[in-house]
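Enquirer: Shown below is the structure under consideration.
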Amino acid sequence: VYGFPMEQALPAAMIIGTLVDPMATLLNANGDVVSAMLVTRIEEGKKWLSEEIAA
6 VYGFPMEQAL PAAMIIGTLV DPMATLLNAN GDVVSAMLVT RIEEGKKWLS EEIAA
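Residues 6 to 60 in this note's numbering are what the sequence shown spells out, letter by letter.
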């Protein structure tokens with residue numbers, strides 16, 4: 006990988022993956038909520054949130 010021997014590249018990739026994984030998980034979880042809100046807005050219209058709160 007990028008000219009490094011496998012004995013050096015694999016541990017480095019595992020460490021980087023371990024450090025990045027929590028941030029990627031948070032981004033994925035927040036992205037799911039935002040995607041759901043966008044789909045609801047497209048399906049229900051602009052005032053879907055105020056109608057839900059009023060109900």
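Just so it is clear, CB atoms sit at the ideal spot from N, CA and C, and this is done for glycine as well.
Express the C-alpha separation of Ser55 and Met11 in angstroms, rounding to a whole number.
Expert: When rounded, the distance between both Cα atoms is 56 Å.
Enquirer: Measure the alpha-carbon distance for Val44 versus Ile21 and round it to whole angstroms.
Expert: Spanning the two alpha carbons is a distance of roughly 34 Å.
Enquirer: Please state whether DSSP places Ala17 in a helix, a strand or coil.
Expert: If DSSP states are grouped into helix, strand and coil, Ala17 belongs with the helices.
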